[in-house]
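Engineer: A single structure is presented below for examination.
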Amino acid sequence: MPNQPLISIDAVPLIVVDDALHVVTAQREWEPYAGQHALPGVLLNAHERLREAVARALADKAGVSEDVTPELVAVFDDFERDERGPTLSMAHLVLLGKLPQDPRIKAEPLTALPSLPFDHNAIIARAAGMLLDSLWVNLPLTRRLLGEQFTTADVVARMKELAAAASRPEPVVNNVGRALASNKSVQKLPAIAVGTGRPPASWKWV
Numbered sequence: 039m040p041n042q043p044l045i046s047i048d049a050v051p052l053i054v055v056d057d058a059l060h061v062v063t064a065q066r067e068w069e070p071y072a073g074q075h076a077l078p079g080v081l082l083n084a085h086e087r088l089r090e091a092v093a094r095a096l097a098d099k100a101g102v103s104e105d106v107t108p109e110l111v112a113v114f115d116d117f118e119r120d121e122r123g124p125t126l127s128m129a130h131l132v133l134l135g136k137l138p139q140d141p142r143i144k145a146e147p148l149t150a151l152p153s154l155p156f157d158h159n160a161i162i163a164r165a166a167g168m169l170l171d172s173l174w175v176n177l178p179l180t181r182r183l184l185g186e187q188f189t190t191a192d193v194v195a196r197m198k199e200l201a202a203a204a205s206r207p208e209p210v211v212n213n214v215g216r217a218l219a220s221n222k223s224v225q226k227l228p229a230i231a232v233g234t235g236r237p238p239a240s241w242k243w244v
């Protein structure tokens, strides 16, 4: 058999922490970049499905125990991306419901990421763009991002964060409330006054 590139499965775990999107990175154990934080990733085993490899990467590298639904982002095929030899990275977006309690991980703000090893910053940018394009098109994915109840401000914040992370122009958000009001997948909740200001519009999934 000729020398063929290995297949790397990299997860892009996103989670909302303190009302902002974060990326969960894990400390690398082995060279190259030992001790540095990167996306959780593994090499695909023989007879292993992609979903299984994503779950293994999250569990082994970041201590993620919850059941996840990976979404394929893209295949990154730059043969120079790994100094150990040619690898193809099949990157998967994962939305987490809770932050893993693992000393090896960090939650980095999506809009203020440090420089990560390999091409992981480019992978995250592509994942952010994919998620932005999927809003209200992929309803299960949108629901996992926003949660069962959310405000108009939450939707606006997620759109701006994703656009910034993907290096896109800031989205037009003037009509988000109007669009939600006409969306049959969500229902507006009764307003609850907080203080003297106007309460934010809140929504739930139908």
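Following the numbering used here, the residues of the sequence shown are numbered contiguously, the last one being 244.
Virtual Cβ for every residue (Gly too), placed ideally from N, Cα, C.
For clarity, every value in this text was computed on a predicted model and none was experimentally measured.
Using a Cβ-Cβ cutoff of less than 7 Å, which residues in the same chain neighbour residue 95 once the five nearest sequence positions on both sides are dropped?
Structural biologist: Once the five neighbours on either side are set aside, the close Cβ partners of residue 95 are 47, 49, 78, 79 and 80.
Engineer: How would you call residue 66, buried or exposed, if buried means at least 16 neighbouring beta carbons within 10 angstroms?
Structural biologist: Under this definition residue 66 is a buried residue.
Engineer: Over the uninterrupted beta strand (DSSP E) stretch that includes residue 146, give me the two end residues.
Structural biologist: Residue 146 -> beta strand (DSSP E) spans 143-147.
Engineer: Does the region 188-197 come close enough to the region 209-220 to have 3 or more Cβ pairs within less than 8 Å?
Structural biologist: A contact exists between the region 188-197 and the region 209-220.
Engineer: Please classify residue 119 as buried or exposed, where buried requires at least 16 neighbouring CB atoms within 10 angstroms.
Structural biologist: Classification of residue 119: buried, given that the 10 Å Cβ count is 16 or more.
Engineer: So what's residue 58 in DSSP terms, helix, strand or just coil?
Structural biologist: Strand at residue 58.
Engineer: Suppose contacts are defined by Cβ-Cβ distances below 8 Å. Is residue 179 in contact with residue 196 by that definition?
Structural biologist: Contact: no.
Engineer: According to DSSP, is residue 49 part of a helix, a strand, or is it coil?
Structural biologist: In this structure, residue 49 counts as strand in the three-state DSSP scheme.
Engineer: By the three-class DSSP mapping on this structure, what secondary structure does residue 179 have?
Structural biologist: Residue 179: helix per DSSP, three-state reduction.
Engineer: Do residue 204 and residue 166 have their CB atoms nearer than 8 Å?
Structural biologist: Contact: yes.
Engineer: Among 128, 124, 133 and 221, whose alpha-carbon lies nearest the alpha-carbon of residue 107?
Structural biologist: The option with the nearest alpha carbon to residue 107 is 133.
Engineer: Between which two residues does the alpha helix (DSSP H) carrying residue 215 extend?
Structural biologist: Residue 215 -> alpha helix (DSSP H) spans 214-219.
Engineer: Entirely within the region 93-126 and at least 4 residues each: give me those alpha helix (DSSP H) ranges in chain order.
Structural biologist: Runs found: none.
Engineer: Would you kindly check if the distance between the Cβ of residue 129 and the Cβ of residue 114 is under 8 Å?
Structural biologist: Yes, they are a contact pair.
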